[in-house]
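Each residue of the sequence shown is one higher than the one before, starting from 1 at the first, in UniProt numbering.
Virtual Cβ for every residue (Gly too), placed ideally from N, Cα, C.
Let me begin by presenting the structure, written as structure tokens, before commenting on it.
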Amino acid sequence: MFKFDFDCVVIGSGFGGAVAALRSVEEGKKTLILEQGKRFNDDEFALSNWDLKRFMWAPLFNFLGPCRLSFTKKFMSISGVGVGGGSLIYANTHRTPDKTVLEAAPWQLSHQNWFEELAPFYQKASQMLGVVPNPRLTPADNYLHQVSEAIGCESTFTPVDCGVVFPEHNGVEDVFNSKDVDDPYFNGEGPKRSSCNYCGNCMVGCRYNAKNTLEKNYLFFAEKKGAQIRPLSKVVAITPLNNLGEAHSNGDGAQGYQVKVEERQGWLKKRTYYVTVKSIILSGGTVGSVPLLIKMRESGLMPNISSRIGHQVMTNSETLVTVTNFANREEDHSKGVAIGSEIQVNAETRVQVVRYGKGSNAAWLMAPNVPLTDKVDGRKRWQTFMTYSFRHPLKLLRLLNPANRSNKSIWLLVMQSKLAYFRIESARPWYFLFLKKHWTLSLNSSDSNHDGYFPVAQEVAKYFSVAMKGEPANLLPEVLFDMPVTAHSMGGAVMGSSSHNGVVDHAGNLFGYENFKVLDASIIPGNLGVNPSLTILAMAERAMSR
Numbered sequence: 001m002f003k004f005d006f007d008c009v010v011i012g013s014g015f016g017g018a019v020a021a022l023r024s025v026e027e028g029k030k031t032l033i034l035e036q037g038k039r040f041n042d043d044e045f046a047l048s049n050w051d052l053k054r055f056m057w058a059p060l061f062n063f064l065g066p067c068r069l070s071f072t073k074k075f076m077s078i079s080g081v082g083v084g085g086g087s088l089i090y091a092n093t094h095r096t097p098d099k100t101v102l103e104a105a106p107w108q109l110s111h112q113n114w115f116e117e118l119a120p121f122y123q124k125a126s127q128m129l130g131v132v133p134n135p136r137l138t139p140a141d142n143y144l145h146q147v148s149e150a151i152g153c154e155s156t157f158t159p160v161d162c163g164v165v166f167p168e169h170n171g172v173e174d175v176f177n178s179k180d181v182d183d184p185y186f187n188g189e190g191p192k193r194s195s196c197n198y199c200g201n202c203m204v205g206c207r208y209n210a211k212n213t214l215e216k217n218y219l220f221f222a223e224k225k226g227a228q229i230r231p232l233s234k235v236v237a238i239t240p241l242n243n244l245g246e247a248h249s250n251g252d253g254a255q256g257y258q259v260k261v262e263e264r265q266g267w268l269k270k271r272t273y274y275v276t277v278k279s280i281i282l283s284g285g286t287v288g289s290v291p292l293l294i295k296m297r298e299s300g301l302m303p304n305i306s307s308r309i310g311h312q313v314m315t316n317s318e319t320l321v322t323v324t325n326f327a328n329r330e331e332d333h334s335k336g337v338a339i340g341s342e343i344q345v346n347a348e349t350r351v352q353v354v355r356y357g358k359g360s361n362a363a364w365l366m367a368p369n370v371p372l373t374d375k376v377d378g379r380k381r382w383q384t385f386m387t388y389s390f391r392h393p394l395k396l397l398r399l400l401n402p403a404n405r406s407n408k409s410i411w412l413l414v415m416q417s418k419l420a421y422f423r424i425e426s427a428r429p430w431y432f433l434f435l436k437k438h439w440t441l442s443l444n445s446s447d448s449n450h451d452g453y454f455p456v457a458q459e460v461a462k463y464f465s466v467a468m469k470g471e472p473a474n475l476l477p478e479v480l481f482d483m484p485v486t487a488h489s490m491g492g493a494v495m496g497s498s499s500h501n502g503v504v505d506h507a508g509n510l511f512g513y514e515n516f517k518v519l520d521a522s523i524i525p526g527n528l529g530v531n532p533s534l535t536i537l538a539m540a541e542r543a544m545s546r
């Protein structure tokens, strides 16, 4: 009998991969976690997002930070890279989608009773992540409450649930960024922890051991129970094995797989090696898993992957707007947890208050702010913007200036559950024909039309600006190119009932192959309208329990 190097290889260590790794090793499987990003100690995170080398992921320039920007013609995606995946830079926020979302057609295509079946796994994931309500509201949260009163949805205003060790919770009231205490979640079996100091830099990386990233729970216990984690290890190819244990594209995975890995050993220096494994769990997220599966299908190494791969890529139908009070020197909006509260404006739209910590003003440079620009009289937004800019150049320059913005500005994250999606495909860049193919994004006639203009977001921004006495703004890419910014890309390898309408089944099993699961945001079939982290965790828990 052929001897494998590992029983299970988990590719990626984000919300899906961390769950898969822990549950796999608990089943007694020899488990390897391959993560293309680096492993961070808390004090290695950037002090602010101006420290691009520590914050951004751009390996060509030797930037190995946890934040990756992916650009397409239709949207800009923010995702996490490193041991812990998106949990390293997400806003700690855990929300469950409405029942109507999980009962919608895209979900029912693969399975019935999602709402009922996921309920215990939402609870299980919440316990693992230490989810509690945000205990400290700020002036920005109060402004959002005023907005809810003005538009008639006051009953929906609520502090968000967060995966954070707050000083008001968990018996650590005496710890305020001063010393670590015994683990407050797992009967002392977890890592020592400290508590939140409300610095606001959750999305840059928590330096204070207060954020419940996956390294503090799922990955901690996976490693403690025997899993091996290899950072800076990128999977570049997967090939099924045949009956002789040889890598061959005519295999179906029943005999296992060979995984080709590139290990980064320095700037522009790498080592390539191969691992044989009985089963694979792919958890690289939409911007990681989908391009890899497209590559494997088109290269002929895994030709049985569904032709639906790359279809139905979504942005959670979300956009960001900002409001800035340039005159107020009394309120410091950089203080607080990254996302503090939310309202539900209508059946398909939620709005949350978002902040960056003091000094982390580079976000206003990466996504420049311009005056709030509506669609008027049938004109393109960029035309309206250009006209306004010529008439009010000083206002434009003031909004474009990133200086001290984290103190004066609040972001509003608007998420919708309406169905809108794109398609990812592999293409060769027109500008360098000799380059290898890479993933790009197109909008096809068969796709659901995606509009980068969100009237409800414009309306909320105006109400918020009145409450805050500030200036509302859109992001430049959205106004000029109809390109929203999302931190919640999902889909592309969606669940279905067969390979004709999906890439995986309801438990993440890859159609056309055995012993191969995909467990990450890419299998989600429809926009959630809420932060997806808890749903990814719950879906992974459910899949690993079957």
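Fully enclosed alpha helix (DSSP H) runs of no fewer than 4 residues occupy 52 to 55 of the stretch 29 to 97, in order along the chain.
With contact defined as three or more Cβ pairs closer than 8 Å, the stretch 321 to 336 and the stretch 81 to 90 are not in contact.
Per DSSP, Asp141 lies in no beta strand (DSSP E) segment; the continuous alpha helix (DSSP H) that holds it begins and ends at 139 to 151.
The C-alpha of Pro66 lies about 11 Å from the C-alpha of Cys206. At least 9 Å separates the beta-carbon of Phe157 from that of Glu318.
In the three-state reduction of the DSSP assignment, Tyr122 falls in the helix class, which pools H, G and I.
Counting the other Cβ atoms within 10 Å of the Cβ of Val259 gives 16 or more, which makes it buried. Only exposed fits Phe2, as fewer than 16 other CB atoms lie within 10 angstroms of its CB.
When beta bridges are read from the DSSP output, Asn501 appears opposite no residue. For Ile294, the uninterrupted alpha helix (DSSP H) segment begins and ends at 286 to 299. Going by beta carbons, Ser24 and Ile281 fall inside the 9 Å limit.
No Cβ-Cβ contact shorter than 9 Å links Val236 with Tyr257.
In the three-state reduction of the DSSP assignment, Gln112 falls in the coil class. In this chain, Glu342 is not harboured by any alpha helix (DSSP H); it is covered by the beta strand (DSSP E) spanning 339 to 346.
Contact check for Met415 against His488 passes: the beta carbons are separated by less than 9 Å.
The secondary-structure analysis by DSSP pairs Phe422 across a beta bridge with Val313. With 16 or more other CB atoms across the displayed protein chains lying within 10 angstroms of its CB, Trp114 is buried. Taking Glu514 as the centre and dropping the five residues before and after it, the same chain places the C-beta of Asp252, Gly253, Ala254 closer than 8 Å to its C-beta, in chain order.
Burial check for Asn361: the Cβ neighbour count within 10 Å reaches 16 or more, so the residue is buried. Shown here, Met490 sits in a strand according to DSSP, grouped into three states. Rounded to whole angstroms, the gap between the alpha carbons of Ile309 and Ala150 is 44 Å. Sequence-distant partners of Lys30 (beyond 5 residues in either direction) whose C-beta falls short of 7 Å from its own C-beta, in its chain, are Phe6, Asp7.
Proximity of the stretch 115 to 122 to the stretch 203 to 218 falls short of the contact definition, fewer than three beta-carbon pairs being nearer than 8 Å. Within the model, the alpha-carbon separation for Arg264 versus Pro231 is close to 9 Å.
Considering only Lys74, Ser307, Asn41, the residue with the shortest C-alpha distance to Phe422 is Lys74.
Nearest neighbour of His94 by Cα position, chosen from Val345, Gln352, Phe186, Glu44, turns out to be Gln352. Across the structure, Gln228 and Ser79 are spaced so that their CA atoms are roughly 23 Å apart.
Taking a cut-off of 8 Å on C-beta distances, the stretch 384 to 394 does not touch the stretch 297 to 306, as fewer than three cross pairs fall below it. Closest in C-alpha terms to Ser155, from the list Val147, Leu292, Val101, comes Val147.
For Phe166, the secondary structure class from DSSP, reduced to helix, strand or coil, is coil. Cβ neighbours of Leu129 within its own chain (closer than 6 Å, five residues either side excluded): Gly163, Asn212. Take Gly245, set aside five residues on each side of it, and the residues of its chain with a beta-carbon closer than 6 Å to its own are Phe2, in chain order. The bridge partners DSSP lists for Asp182 come to none. The continuous alpha helix (DSSP H) containing Asn407 extends over residues 405 to 408. In the three-state DSSP reduction, Tyr273 falls in the strand class (E or B).
Within its own chain, the residues whose Cβ lies closer than 7 Å to the Cβ of Phe4, once the five positions on either side in sequence are excluded, are Gly256, Thr276, Val277, Lys278, listed in chain order.
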